[in-house]
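One structure is given below, encoded as structure tokens.
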Amino acid sequence: MEEQMLKQLQELLDERACEAVLMRYGRTLDWLDQTGQEQCFWPDAEIDYGFFKGSGEEWVPVVMAVEAASERRWHICTGVTVQVQGTNAKSECYGLTVAAAKDDTGVLVDTVFGGRYLDELEKRDGEWRISRRTYIADWTQSFPNGLEALSASGLDLNFLKILQPGHEAYRPLDGTA
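If you count by UniProt numbering, then the sequence shown holds residues 1 to 177, one letter each, in order.
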């Protein structure tokens with residue numbers, strides 16, 4: 001009985017560690033944390049976003065350049081499902097991404113992407129990272145950014161422009177990102 005409980009506990013811990021990798025992926029993109037982003041993927045991971053097919057090591061500089069082109073970005077993973085089998089796991093989750101960037105006329109535009117991540121993760125030397133990822137785009141929509149209009153109307157909210165790594169508001173939370 002105790003052996004079965006320990007096995008179930010380890011599986012729960014591994015599932016949680018895999019979920020943490022998926023959450024770290026979005027957070028490190030939002031804050032332009034390249035080191036944290038590198039810790040989401042094994043260097044030899046197989047990555048397929050359609051416009052990019054290559055290794056994890058090749059992917060990180062590409063995605064960081066894409067993200068740095070926006071003034072603000074916001075990533076969320078939801079509906080996360082993880083199935084652990086020993087030192088391997090499969091996961092699927094939905095992803096929502098918003099990027100705020102100026103268009104050709106200088107107007108700040110939000111572009112929302114909805115899709116899903118089909119991932120495989122591996123645990124190597126006690127650490128979980130993504131070993132294979134396929135991104136499937138489901139939809140996208142663009143519209144003018146409304147934050148500046150809110151401020152102009154008198155509802156002054158806190159908002160950030162994250163234009164480079166090392167923003168003063170960024171707080172390491174788990175020792176890796």
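All C-beta atoms, glycine included, are put in the ideal place defined by N, C-alpha and C.
Residue environment, residue i, which counts as buried when at least 16 other CB atoms sit within 10 Å
| i | result |
| --- | --- |
| glutamine 37 | buried |
| leucine 29 | buried |
| alanine 177 | The predicted model places alanine 177 with a pLDDT of 45, which falls under 50 and marks its position as unreliable; any figure quoted below should be read in that light. Label assigned to alanine 177: buried. |
| serine 153 | exposed |
| glutamate 67 | buried |
| alanine 89 | buried |
| serine 151 | exposed |
| arginine 133 | buried |
| tryptophan 139 | exposed |
| leucine 32 | buried |
Beta-bridge partners of residue i, as assigned by DSSP
| i | result |
| --- | --- |
| proline 144 | Val109 |
| phenylalanine 52 | Phenylalanine 52 pairs with nothing; no bridge assigned. |
| threonine 134 | Asp48 and Leu118 |
| histidine 75 | Thr97 |
| threonine 81 | Glu92 |
When the options are compared against residue i, the one with the closest alpha-carbon
| i | options | result |
| --- | --- | --- |
| aspartate 14 | Leu121, Glu3 and Gln164 | Leu121 |
| glycine 50 | Leu160, Ala137, Arg171 and Asp119 | Ala137 |
| leucine 147 | Arg133, Pro172 and Ala100 | Ala100 |
| arginine 72 | Tyr25, Tyr170, Leu163 and Lys53 | Leu163 |
| phenylalanine 23 | Pro165, Glu3, Cys40 and Leu9 | According to the sequence displayed, residue 23 carries methionine and not phenylalanine. The residue with the shortest Cα to Cα distance from methionine 23 is Cys40. |
| glutamine 85 | Trp128, Ala149, Trp74 and Asp33 | Trp128 |
| threonine 87 | Met5, Gly79 and Ile130 | Ile130 |
| glutamate 57 | Pro165, Ala149, Ser151 and Thr35 | Thr35 |
### the segment 109-122 contacting the segment 133-149, beta-carbon criterion three pairs below 8 Å
yes
### Query
Contact between the segment 84-103 and the segment 15-28: three or more CB pairs below 8 Å?
A contact exists between the segment 84-103 and the segment 15-28.
### Query
Quick one: complete beta strand (DSSP E) runs, 3+ long, within the segment 19-70?
The segment 19-70 contains these whole beta strand (DSSP E) runs: 41-48 and 53-55.
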